[in-house]
Each structure stands twice: as structure tokens, then as C-alpha cells.
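A.B. asks: This structure is in C-alpha cells; I'll ask about it shortly.
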Amino acid sequence: MSTILIIIVVILLLGGGGGYYAHDRYGGAGLGGVLGLVVLILLLLWLFGGLDGVSRV
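The opening residue of the sequence shown carries number 59 in the numbering used here; numbering runs sequentially from there.
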């Protein structure tokens with residue numbers, strides 16, 4: 059499961075959204091930086107155990 063999560067995170071960071079490398083014509087303008095930041099924060103929380111208290115429905 060964690061291998062799949064790592065692959066998804068890498069795909070999102072490298073190819074998700076627009077705004078990467080000043081190419082705002084691919085996807086929404088600036089979406090890439092925001093998406094990467096959110097994914098990075100969630101990844102760090104997950105690695106350091108900050109998401110253990112989140113209840114799953």
C-alpha cells in the first residue's frame with residue numbers, strides 16, 4: 059500500500075496540474091505549485107505520524 063502511495067505522490071508532483079516550469083498553458087495556471095505543496099505537507103504529516111488521529115469514515 060505504501061509503495062502505491064509513493065508512486066501516486068511522485069506522479070502528482072511531476073505531472074499533476076499546470077504551472078510547472080513556467081508552462082501555465084498546461085492545466086490551470088499555478089495549480090502545480092499549490093498541488094505540490096499540499097501533497098508535500100500531507101506526505102510529511104503521514105511520515106511523522108500526524109495523520110494517525112484522523113478518523114476514517
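Using N, Cα and C, we set each Cβ at its ideal position, and we do this for glycine too. All values derive from a computational prediction rather than experimental measurement.
Helix, strand or coil: how does DSSP classify Gly-94 here?
C.D. replies: If DSSP states are grouped into helix, strand and coil, Gly-94 belongs with the helices.
A.B. asks: For Leu-93 and Leu-100, I'd like the C-alpha separation in whole angstroms.
C.D. replies: Whole-angstrom Cα-Cα distance: 11 angstroms.
A.B. asks: Identify, in the order they occur along the chain, each residue of the same chain with its Cβ nearer than 7 angstroms to the Cβ of Phe-106, setting aside the five sequence neighbours on each side.
C.D. replies: Answer for Phe-106: no residue qualifies.
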